[in-house]
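So the protein lines, in turn, are chains X and G.
The numbering of the first sequence is my numbering, which starts it at 6 and goes up by one.
The numbering of the second sequence is my numbering, which starts it at 21 and goes up by one.
Every residue gets a Cβ at the ideal spot worked out from N, C-alpha and C, and that includes glycine.
None of the values given here were measured: they were computed from a predicted structure.
Structure record follows, encoded as structure tokens.
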Amino acid sequence: MILTLQTPRPLSRLPRFLPFSTNASITLNQSQPATCTSPPPPHSQILSTRHSLLSRQFSAADLLRSHLNRLNLTEPHLRSFLHLPDPSDLLAQADSLDRRIAAGEDVGPLAGVLVAVKDNICTADMPSTGGSRILEGYRPPFDATAVKRAKELGAIVVGKTNLDEFGMGSTTEGSAFQVTANPWDLSRVPGGSSGGSAAAVSARQCVVSLGSDTGGSVRQPASFCGVVGLKPTYGRVSRFGLMAYASSLDTIGCFGSSVADAGILLHAISGHDRFDATSSNQDVPNFLSHFVSASSFESKPLKGLRVGLIRETIGDGVDAGVISAIHSAASHFEELGCSVNEVSLPSFSLGLPAYYILASSESSSNLSRYDGIRYGNQVYADELDSLYGSSRANGFGSEVKMRILMGTYALSAGYYDAYYKRAQQVRTIIRNSFTEALNQNDILISPAAPSPAYKIGEKKNDPLAMYAGDIMTVNVNLAGLPALVLPCGFVEGGTAGLPIGLQMIGAAFGEEELLRVGHIFEQTLENCRFVPPIIAEDIAS
Amino acid sequence: MGGVGAMVKGASYSYAVFCGSFLRSPRLSFSIHNKKKKLLKFRSFSSKSTCSSLQPPDVSRLAKTAQISLTPDEIEEFAPKIQQVIDWFGQLQDVDLQSVEPSIRAETENNLRDNVPETFDHRDAMIGAVPSYEDPYIKVPRVLSMD
């Protein structure tokens, strides 16, 4: 069956229920000359949804049905979702919104927007498994703050997406339940650990999604799936309701098919939360003001911006196609008026072992709560220790068990100085090197991953080979900085090429600048449409 | 690539050429796996000389500490992989970290909330998730073992 789907003909029976995008920008495709005749609105599914709903062009119920049709047709091939609610529940929400719009009531900025949520983020009305058998069937008694805020602003949660168990992995093959496929090539992984959330947005099963990023788990899948992934500054978004993996590194991040969509979702969920002692009191600026149409850009809209290309990310061990894509992105920045220089971060390579020491140590502590007593699946035994041992052995997958054991080792009495403390010292060095580089540059750029998406099964038995793929992303988590990944090019593979993502790193709490710059970069990047072949025919209408 | 003075719309042509050339070029089907191995070999240091005071990981003992009952097959499968990763961790021993302060996490403010108890609204749902419950007790097996 996979073979037939590999032909360039996408699923031809998708109903042309609605024009997928109502923007005039859709006319700027390969068949048009390179000049623009009428000013298009910015490409943003959220903004065009809002416009269409408020102008009564179509209803929230229609929009929902159209997405659900596409979801139902693509899901058997992608398996992005671990849980989908009863469609009538979703329709009831959409109908209620339509009534309020008809009555002239104010509706929130995410009204009618379909959001998928990674399954390690708690939702009270849907199971939340963390991708693990130990929480199979678990229903949290509360919503994560990020989910609560999105819902308050009108979002409709369309389902829970697949992930590597508890966020540990880079391919989503580590899920206890199923393997998600990459919409660009069904024999490849979507990346991880937020693979389901990335695939769902890539295949337009939903509009935006929430993921989590501890060592790159939003940015790398965004690169592999050709979508925008946004990791905020540590403390920008509340972690309350995110199942903790490594508490000093975890963040909740956003996926969208455009920079504007990821930014609008981030704005909705950001801000201080009294339930998260590490969440910041810093104001959330109005990101939305930057998402303007390309026709209003000056000729060199990023004039004066200093861009630093991290030298260590375009050398040994990085695919030639990826390096080329990044150099082209650098040229694009120059055409927009930036000055692009290479910058060296000498301690760059130390970040990977430091990250894995910190992450496995913290995870060994965080996952000790899964003991089968207060929640989760219990394997009964006559003695408490055996109950713990059996419940955890039965509930956890291999990668999770190994990381807990490695973390237990690194934190053993007498070993703290050798591993954990040294990793924390390396963290200081990396933070300082980023601070210095960001004093001399406004943003830093690098690939989001050293390669395009791997084949399913390619990395399964080689942990170090899998960890190596995180080299581009972990340092950003160690430093707690924000980063935006957006698709910037392709390499050969699949039936229509495999996408490559550009990573842009900003200063702490510098999301506004990242989004402003990313939006301009994206809106001026014509003739590279990032729509996977599996749904290309449906989207072209 | 488009000239420096080109309008941004002109840049779109160079992108079309760029994207097109990648889709046509046959040279790009190389082995990703080999490249990854090269990156790792370059990075990993032998820790044997510097870490002689650290015992290698004893997976059975670690499993007991972590309260995970591993099967003998699992111990045999995990031990070499864990050893490999711990060896790789060892490269941090060679780094000069004198007078570097450890960072607990990225800079964040210390935002503690008031130490005032609050009632949780969904107590029933929370209790409902407990596997073994006999009101008002969470049931657990015998705590003390005699070995």
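Among the CB atoms of chain G, one or more fall inside 8 Å of the CB of I434/X. For V105/G, a Cβ of chain X is located within less than 8 Å of the residue's own Cβ. Under the Cβ criterion of 8 Å, R397/X is counted among the residues facing chain G. The three-state reading of DSSP puts G221/X in coil, since its state is none of H, G, I, E or B. Contact between H337/X and L530/X holds: CB atoms are separated by about 7 Å, below the 8 Å threshold. Counting C-beta atoms within 10 angstroms of its own C-beta, A97/X has fewer than 16 neighbours from the protein chains shown and is therefore classed as exposed. The distance from the Cβ of A299/X to that of Q50/X is about 16 Å, inconsistent with a contact at the 8 Å cut-off.
At a cut-off of 8 Å between beta-carbon atoms, E388/X makes contact with chain G. Sequence-ordered contacts of the region 131 to 152 of chain G with chain X read N131, L132, R133, H142, A145, M146, A149, V150, P151, S152 [C-beta pairs closer than 7 Å]. Cβ-Cβ distances below 6 Å link P492/X to G231, P504, G506, F535 in the same chain, with the five nearest sequence neighbours on each side left out; the list follows chain order. Secondary-structure assignment with DSSP links V212/X through no beta bridge to anything.
Closer than 8 Å to the CB of Y424/X there is at least one CB belonging to chain G. Here R397/X is not near S344/X, since their CB atoms are 8 Å or more apart. For Y153/G, the three-state secondary structure derived from DSSP is strand.
With a threshold of 16 other beta carbon atoms within 10 Å, H48/X meets it and is buried. The bridge partners DSSP lists for C259/X are L215/X, L235/X. Not one beta carbon of chain X lies nearer than 8 Å to the beta carbon of E96/G.
At a cut-off of 8 Å, the C-beta of F147/X has a neighbouring C-beta in chain G. One finds nothing in chain G with a Cβ atom closer than 8 Å to the Cβ of P188/X; even the nearest lies about 17 Å away.
Annotation: the continuous beta strand (DSSP E) that includes K165/X extends over 161 to 166. Within chain X, the residues placing a beta-carbon under 8 Å from that of E121/G are Q430, T433, ordered along the chain. Restricting attention to beta strand (DSSP E) runs no shorter than 3 residues, the region 246 to 294 of chain X encloses them at 256 to 261, ordered along the chain. Per DSSP, reduced to three states, the secondary structure at C230/X is helical.
Non-local C-beta neighbours of L355/X in its own chain, meaning closer than 8 Å and more than five positions away in sequence, comprise V431, I434, I435, ordered along the chain.
Judged by DSSP secondary structure, N346/X falls within the beta strand (DSSP E) whose first and last residues are 344 to 348. With a threshold of 8 Å between beta carbons, S71/X makes no contact with chain G. Contacts with chain G at 8 Å (Cβ-Cβ) include L469/X. In the three-state scheme derived from DSSP, where H, G and I count as helix and E and B as strand, G494/X is classed as strand. Short of 6 Å from the beta carbon of I328/X, and not among the five residues preceding or following it, lie these beta carbons of its own chain, in chain order: I319.
Chain-ordered, the chain G residues with CB closer than 9 Å to the CB of N286/X read E129, N131. Separation of F171/X and V405/X (C-alpha to C-alpha, rounded to the nearest whole angstrom) is 8 Å. Beta-bridge partners of V242/X (DSSP): S275/X.
For A205/X, the enclosing alpha helix (DSSP H) begins and ends at 200 to 207.
Separation of the CB atoms of L119/X and C211/X is rounded to 4 Å, and the pair is thereby assigned contact status at 8 Å. Per DSSP, I450/X is one residue of the beta strand (DSSP E) stretching across 448 to 452. Across the structure, S198/X and H524/X are spaced so that their CA atoms are roughly 25 Å apart.
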